[in-house]
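Heads up, the final residue of the sequence shown is numbered 127 in the UniProt record's numbering, and it's a clean run with no missing numbers.
Ideal placement from N, C-alpha and C gives every residue a C-beta, glycine not left out.
Inspection log for the structure reproduced underneath, given as structure tokens.
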Amino acid sequence: MNEQLFERGIEIREKMWGPAGARDKVEAATPFSRPLEDLVTVYCFGETWGREQELSHDIRSMLTIGMLIALGRSHEIRVHVQGALANGVTIEQIREVLLHSAIYCGIPAAVDAFRNAEAVLTELGEL
């Protein structure tokens, strides 16, 4: 494993979700799930999210939310709405991504996304 990419991945995860969503989560992984946590940390966050010269984290967050809506991944939408806020995405921008998804992903997908995003925003005291 590339230690530099691992540490960069941890740094990005911590920015988005704090220690509980980064190093603590990796260290708490079981021997069964640790390889997945390492993969997510190194390749998803260290390598892909770490390419800030191409796309900023706020844009990556908005793209990720849109793709998760298209895939119907409600739990991950909730996680990434929280991460998007940490990356500087405004509530208004999140709403626009969700509205835009209604056209390209379908009304049911957008309804589900609004439901989940609103729940997270309420839990975080943003609404």
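In the DSSP annotation of this structure, the continuous segment of the alpha helix (DSSP H) that includes leucine 36 starts and ends at 34 to 39. Nearest Cα to glycine 72 within the set Arg95, His57, Gln93, Val111: Val111. Burial is judged here by how many other beta carbons sit within 10 angstroms of a residue's own beta carbon; arginine 51 has fewer than 16 and is exposed. Only exposed fits isoleucine 107, as fewer than 16 other CB atoms lie within 10 angstroms of its CB. Judged by their CB atoms, alanine 109 and alanine 84 are not nearer to each other than the 8 Å cut-off. By the beta-carbon neighbour count (other beta carbons within 10 angstroms, threshold 16), threonine 90 is exposed. In the DSSP assignment, tryptophan 17 falls within the unbroken alpha helix (DSSP H) covering 3 to 17.
Comparing C-alpha distances from methionine 1 to each of Gly66, Phe114, Arg115, Gly46 shows the shortest one belongs to Gly46. Assigned with DSSP and collapsed to three states, valine 89 falls in coil, not helix or strand. One alpha carbon belongs to serine 33, the other to lysine 25, and they sit about 11 Å apart.
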